[in-house]
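Student:
Residue numbers (the working numbering), protein chains in the order written: chain A, 155 to 418; chain B, -7 to 249.
1) Can you have a look at residue 137(B) and say buried or exposed, based on whether 16 or more other CB atoms are within 10 angstroms of its CB?
2) Helix, strand or coil for residue 218(A)? Go by DSSP, reduced to three states.
3) How long is the line joining the alpha carbons of residue 313(A) and residue 266(A), rounded to whole angstroms?
4) My output table needs one value for residue 189(A): the three-state DSSP class, helix, strand or coil.
5) Near residue 197(B), which residues of its chain fall below 6 Å by C-beta distance, leaving aside the five closest residues on each side in sequence?
6) The beta strand (DSSP E) spanning residue 374(A) covers which residue range?
7) Entirely within the stretch 135 to 202 of chain B and at least 4 residues each: give me those alpha helix (DSSP H) ranges in chain order.
8) Once you ignore the five residues that flank residue 199(B) on each side, which residues in its own chain have a CB closer than 7 Å to its CB?
9) Ends of the beta strand (DSSP E) at residue 368(A)?
10) For the stretch 229 to 241 of chain B and the stretch 75 to 86 of chain B, state whether three or more C-beta atom pairs, one from each stretch, are separated by less than 8 Å.
11) Using the Cα positions of residue 215(B) and residue 120(B), report the straight-line distance between them to the nearest angstrom.
12) Is residue 249(A) close to chain B? Criterion is C-beta to C-beta, closer than 7 Å.
13) Short of 9 Å Cβ to Cβ, which residues in the stretch 86 to 110 of chain B face chain A?
14) Strictly by DSSP, which residues pair up with residue 329(A)?
15) So, for residue 245(A): in the same chain, excluding its five sequence neighbours on each side, which residues have a beta-carbon less than 7 Å away from its beta-carbon?
16) As a quick exercise: from 407(A), 361(A), 390(A), 352(A), pick the residue whose alpha carbon is nearest that of residue 377(A).
17) Please state whether the Cβ-Cβ distance between residue 347(A) and residue 184(A) is less than 7 Å.
18) Kindly indicate if chain A contains any beta-carbon less than 7 Å away from that of residue 5(B).
19) DSSP on residue -4(B), reduced to helix/strand/coil?
20) Between which two residues does the alpha helix (DSSP H) carrying residue 236(B) extend?
21) I need the straight-line Cα distance from residue 171(B) to residue 163(B), nearest angstrom please.
22) How is residue 420(A) classed by DSSP in three states: helix, strand or coil?
23) Any chance you could list the alpha helix (DSSP H) runs of at least 4 consecutive residues sitting entirely within the stretch 38 to 114 of chain B, in chain order?
24) Suppose the cutoff is 7 Å on Cβ atoms and the five residues either side in sequence are ignored; what does the same chain contact list for residue 135(B) look like?
25) So that I know if they touch, is there some Cβ in chain B lying closer than 7 Å to that of residue 260(A)?
26) Can you give me the C-alpha to C-alpha distance between residue 253(A) and residue 218(A), rounded to a whole angstrom?
27) Using C-beta distances below 7 Å, list every residue in its chain close to residue 142(B), excluding the 5 sequence neighbours before and after it, in chain order.
28) Whole angstroms are fine: how far does the CA of residue 281(A) sit from the CA of residue 289(A)?
29) For the pair the stretch 194 to 211 of chain A and the stretch 228 to 244 of chain A, tell me if three or more CB-CB distances fall below 8 Å.
30) If I measure Cβ to Cβ from residue 366(A) and keep anything under 6 Å in the same chain, skipping five residues before and after, which residues do I get?
31) Does residue 223(A) come out as helix, strand or coil in the three-state DSSP assignment?
32) Which residues in chain A have a C-beta closer than 9 Å to the C-beta of residue 56(B)? List them in chain order.
33) Find the nearest neighbour of residue 260(A) within the set 188(B), 19(B), 58(B), judged by alpha-carbon distance.
34) List the residues of chain A that residue 158(B) touches, going by C-beta distances under 8 Å, in chain order.
35) Just by C-beta distance, which residues in the stretch 10 to 24 of chain B are closer than 8 Å to chain A?
36) Any beta-carbon of chain B closer than 7 Å to the one on residue 270(A)?
Structure (structure tokens):
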């Protein structure tokens, strides 16, 4: 394979964050966050609007430089070697897009090439088929539906089999069928040993696909556990009981811990 | 933490190969925007050959060619380039590229190279059309001089376009601003060549970015001798390019603030 492939076996954490601090002028978005993801897990980063989720992801992706802390991706210091670290991650941004004029085959070839992969036309069509997009291969990106765009984005993010897949609100705006399909794909990725870090506002989604979730607010980590453990841990918490309607759900735990007031 | 075995497929590739991939995609985008390309090509050609015989007699052929080149340069660089870049910034196209393992500067370099190549092709087309339709005879040295001048003009106007997209964020405002700047540069180029609006305005226009570029273009297409005045125009062009480039790089944001 062209490019200097160094397929390697590693026993390393896909993502390790320590003391991450991000601020925008006087406003602190993330205050000393520590996270350690385990290989092969789906990890949910939950929080209300402005909690610091996107800032955390942006720091991991190398799109912003944190004030303090460290980010290590697959053993690589992402703050000092961002391009090298980015070779190990796949990213689906919240507001992502590709050039509207490019066809799907062009987009796949572009991002494969940037990652050092050289794909034949048959390879490209095969990859598109894996996302039910083979029929759209010659169509321009602007002609795709929202669900198709989302699937293409996920395909591009996973072309190079990244050690860590970052999904920023991946199912926002999708219909229930497309959402379920995406959950199945995330489960498939986990089945193949991939590690996924996703942000979501949907507690149903977090409960359905995440092995562990972290709830953050005002840049602070409030709690980190599996969805099932959170439910049992906070079942009798008065803050959670106060907002629950009947049986405790992850929604209740989330609102109980982060407050009921609406965030902008 | 518990550590299980993972198998990341770590691929590294050189910036040169990445640039090739980016250039391919950017060329495809240009080709798929064929309407814009055709208009950009046709308008200067019409300006060059479409002027009636009476007006032709009043305007030397080399000046018409210089004007057509100036218009083409402005359309491809200061008008089209910032508009496309602002649109892609707004859509998140640039941000998506930036999370790939590619240096951010390479994304812009690829786009700049495409624009410069487009201007050089336009220049050759105009010179060839001028040769066939207007019986202009260029010696190889004149082709080279004109191409080099257009190359400098592309850098100057692309710098101006980059500065526009650095200082303005909304794609609609960028489109309007770049059109204004483009028209302004062309008019300054025209008025720098004529005392129509008085000698003071002529002097100001002559030392503007548009005026200095027009000066060099007029000399290149006329095949005249190198003079001290042209050297001054060259220095002015380089200085403006440097200023615009610094503004364009220093204040350019990849996302809407």
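Glycine residues also receive a C-beta, built at the ideal position from the N, C-alpha and C atoms.
Tutor: This is what the structure gives:
1) If you draw a 10 Å sphere on the C-beta of residue 137(B), you find 16 or more other C-beta atoms in it, and that means buried.
2) Coil, per DSSP.
3) Using only the alpha carbons, I get a separation of about 7 Å.
4) Judged by DSSP in its simplified three-state form, residue 189(A) adopts strand.
5) If we look at residue 197(B) and ignore the five residues flanking it on each side, its Cβ neighbours are 180, 183, 184, 203.
6) Residue 374(A): member of the beta strand (DSSP E) spanning 374 to 379, first to last residue.
7) List check, alpha helix (DSSP H) in window: 163 to 183, 191 to 198.
8) The beta carbon of residue 199(B) lies closer than 7 Å to those of 228 in the same chain, with the five residues before and after it left out.
9) That run of the beta strand (DSSP E) goes 366 to 371.
10) No, they do not touch.
11) Spanning the two alpha carbons is a distance of roughly 16 Å.
12) Yes, contact with chain B.
13) Against chain A - using a Cβ distance shorter than 9 Å - the residues of the stretch 86 to 110 of chain B are 87, 88, 89, 90, 91, 92, 93, 94, 95.
14) For residue 329(A), which the question treats as bridged, DSSP gives no partner whatsoever.
15) By the criterion of a C-beta distance shorter than 7 Å, residue 245(A) is surrounded in its chain by 215, 311, 320, once the five residues flanking it on both sides are discounted.
16) If we check each option's Cα against that of residue 377(A), 407(A) comes out closest.
17) The Cβ-Cβ distance between residue 347(A) and residue 184(A) does not fall below 7 Å.
18) Cβ-Cβ to chain A under 7 Å: yes for residue 5(B).
19) Residue confidence is low: residue -4(B) scores 40 on pLDDT, short of 50, so the model does not pin down where it sits. No coordinate-derived value is stated.
20) Unbroken alpha helix (DSSP H) run through residue 236(B): 220 to 242.
21) Residue 171(B) and residue 163(B): Cα-Cα distance of roughly 12 Å.
22) Residue 420(A) is absent from the model: chain A starts at 155 and stops at 418.
23) Counting only runs of at least 4 residues, the stretch 38 to 114 of chain B fully encloses the following alpha helix (DSSP H) elements, listed from N- to C-terminal order: 45 to 50, 53 to 66, 72 to 83, 85 to 90.
24) If we look at residue 135(B) and ignore the five residues flanking it on each side, its Cβ neighbours are 119.
25) At least one beta carbon of chain B lies nearer than 7 Å to the beta carbon of residue 260(A).
26) If I take the Cα positions, the gap works out to 23 Å.
27) Around residue 142(B): 61, 65, 111, 112, 115.
28) So the two alpha carbons sit approximately 12 Å from each other.
29) Segments in contact, no.
30) Cβ neighbours of residue 366(A) within its own chain (closer than 6 Å, five residues either side excluded): 197, 380.
31) In this structure, residue 223(A) counts as strand in the three-state DSSP scheme.
32) At a beta-carbon threshold of 9 Å, none of the residues of chain A lie near residue 56(B); the nearest stands roughly 34 Å away.
33) Nearest in C-alpha terms to residue 260(A), of all of 188(B), 19(B), 58(B), is 19(B).
34) Chain-order list of chain A residues neighbouring residue 158(B): empty, with the shortest C-beta distance near 18 Å, by a criterion of under 8 Å.
35) For the stretch 10 to 24 of chain B, which is checked against every Cβ of chain A, the residues closer than 8 Å are 10, 12, 13, 14, 16, 17, 20, 21, 24.
36) Contact of residue 270(A) with chain B is assigned, a C-beta pair being separated by under 7 Å.
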